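> The structure is given below, and queries will be raised subsequently.
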Amino acid sequence: MCYGEDARSERIIAEAGPPVQAMAAAVAQNTLGKQVTPRYSAGVGRVGPSSHAIMDQKDIITISQFPIESTTQQQLARRLLDAVETKQQVMLFFANTNLVVKGRFLLAHTADPALLLVNDGVGLDIAAKLLHGRKFRENLNGTDFTPFLLRQSPSPLKVFMIGGKPEVLARAAEYVRTVLGQPVVGVCDGYDGMRQGGLVERVNASGAQVVLVAMGNPIQERWIVEHRAALQANILMGVGALFDFWAGDKPRAPRLFQRLRLEWLYRLSLEPRRLLRRYTWDILVFLRLCFKYR
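Read left to right, the sequence shown gives residues 27 to 320 (this note's numbering).
If you want it as structure tokens, here you go:
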């Protein structure tokens with residue numbers, strides 16, 4: 027880690043104000059001492075067939091009525107790649123505090139065997155510790171897991187990308203092609219492209235195996251659930267702001283923030299008007315729902 031990142035991290039926390047500082051301190055205390063999973067390096071640690079037996083055993087932690095699977099990047103990637111191989115379908119959603127608060131409609135679909143929820147963010151870990159006395163096995167967020175998945179596949183995965191501004195989407199698609207080495211068989215921006223109609227038909231005609239939907243939650247999850255039956259792709263994922271990161275439109279948090287699981291604080295410092303409610307009032311609503319449906 028470079029000195030500049032440390033200094034910038036300390037400055038952001040110092041300027042955040044006492045309420046956010048207190049929240050950051052609580053999160054850091056919850057995180058310190060926990061082993062940080064190394065990032066994937068191309069060509070290292072690919073998922074092998076030996077993980078099939080492990081994937082048969084699901085570990086579910088219920089948070090505010092949501093059945094959230096406690097698993098690892100390796101096991102989750104194997105499960106999704108198995109779905110491609112066996113022509114099955116999986117809807118993968120990254121359950122953060124915002125989704126638990128605003129995505130209550132998903133509770134009507136939890137019996138669907140295609141629905142898979144995994145934990146995203148320290149808020150879910152804190153809730154799991156308070157409610158069940160344990161944490162999730164790994165922190166799984168779409169920003170890190172999606173490129174991990176695309177790099178794990180032993181054969182090319184046909185990717186269709188939906189959402190974002192046209193210019194951002196174009197740069198993100200180029201990132202998938204050149205950096206992640208996967209073919210992008212179609213794109214549809216979240217503006218004029220969505221209004222043209224016939225999107226499901228375009229996705230199916232492209233032969234896409236993976237559909238990445240970047241509309242923010244709960245909009246992206248609702249779109250996937252509503253169109254799941256008509257889509258032929260094997261992996262349907264809601265990926266939030268991922269295209270902005272791939273396009274270089276938004277920066278990732280410094281590594282210190284990521285290690286301490288304070289990336290939410292960094293994002294709040296960049297977009298306070300948009301995110302302040304999510305990381306203050308909505309957190310209180312999240313905690314109330316957790317204890318109401320414990």
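Even for Gly, the Cβ is constructed at its ideal location relative to N, Cα and C. Note that the coordinates shown come from a computational prediction; the quantities given were computed from them, not determined experimentally.
Taking ILE245 as the reference, give the member of PHE131, SER90, ASP170, THR112 with the closest Cα.
PHE131
> Where VAL236 and PRO182 are concerned, what is the direct C-alpha to C-alpha distance, given to the nearest angstrom?
11 Å
> Would you mind reading off the limits of the alpha helix (DSSP H) that contains PHE174?
168–178
> Pick out the complete alpha helix (DSSP H) segments inside the segment 109–188, 4 residues or longer, and give them in chain order.
123–128, 148–158, 168–178
> Take LYS161 and list the residues in its own chain whose beta-carbon comes closer than 6 Å to its own, dropping the five residues that flank it on each side.
Counting only residues of its own chain and dropping the five nearest sequence neighbours on each side, LYS161 has a CB closer than 6 Å to the CB of ASP151, ALA154, LYS155.
> Roughly how many whole angstroms lie between the Cα atoms of LEU315 and THR204?
43 Å
> Give the C-beta separation of LEU133 and GLU247 to the nearest angstrom, bearing in mind that I take them to be a contact with Cβ-Cβ under 8 Å.
With a beta-carbon spacing of about 12 Å, LEU133 and GLU247 fall beyond the 8 Å limit used to define contacts.
> Where LEU296 and PRO173 are concerned, what is the direct C-alpha to C-alpha distance, given to the nearest angstrom?
24 Å
> Hey, LEU286 and TYR305: beta-carbon distance below 9 Å or not?
No. Outside cutoff.
> Do the segment 247–262 and the segment 271–285 make contact, defined as three or more Cβ pairs closer than 8 Å?
no
> What ranges does the alpha helix (DSSP H) occupy inside the segment 196–242, keeping only unbroken runs of at least 4 residues that lie completely in it?
218–221, 225–232
> Kindly indicate which three-state DSSP category PRO64 falls into: helix, strand or coil?
Note that PRO64 scores 36 on pLDDT, short of 50, meaning its location in the model is unreliable; the coordinates nonetheless yield the value given after this. Here PRO64 sits in coil by DSSP.
> For the candidate residues VAL265, GLN258, VAL202, whose alpha-carbon lies nearest to that of GLN115?
Comparing Cα-Cα distances from GLN115 to each of VAL265, GLN258, VAL202, the minimum goes to GLN258.
> To the nearest angstrom, how far is it from the Cα of PRO209 to the Cα of GLY219?
20 Å
> For LEU106, tell me which candidate among ARG163, LEU142, TYR201 has the shortest Cα-Cα distance.
Of the candidates ARG163, LEU142, TYR201, the one whose C-alpha sits nearest the C-alpha of LEU106 is LEU142.
> So who's on the other strand from ILE309, going by DSSP bridges?
Residue pairing by DSSP leaves ILE309 without any beta bridge partner.
> Residues bridged to PHE92 by DSSP?
Its beta-bridge partners are ILE89.
> Under DSSP, the alpha helix (DSSP H) around LEU296 begins and ends at which residues?
289–296
> For ILE261, which residues does DSSP report across the bridge?
VAL116, VAL236
> Using a threshold of 9 Å, state whether the C-beta atoms of LEU206 and VAL239 are closer than that.
no
> Can you name, in chain order, every residue of its own chain whose Cβ lies under 7 Å from the Cβ of LEU175, other than the five neighbours on each side?
ALA103, LEU106
> LEU302 by DSSP, collapsed to three states: which one?
coil
> Nearest by alpha-carbon distance to GLY216: which of MET187, VAL144, PHE317 is it?
Considering only alpha carbons, the answer is MET187.
> So VAL211 and GLY233 are in contact, right, with Cβ under 8 Å, and what is the actual spacing, rounded?
6 Å
> Along the chain, where does the alpha helix (DSSP H) containing LEU268 start, and where does it finish?
268–273 is the extent of the alpha helix (DSSP H) around LEU268.
> Helix, strand or coil: how does DSSP classify MET27 here?
Low confidence applies to MET27: its pLDDT is 39, below 50, so where it sits in the model is not reliable, and the reading given next is rough at best. Three-state DSSP puts MET27 in coil, outside helix and strand.
> Under a three-way DSSP split, which group does LEU286 fall into?
LEU286 carries a coil assignment under DSSP once its states are collapsed to helix, strand and coil.
> Skipping 5 residues on each side, what residues in its chain have a beta carbon closer than 6 Å to that of CYS214?
ILE188, LEU225
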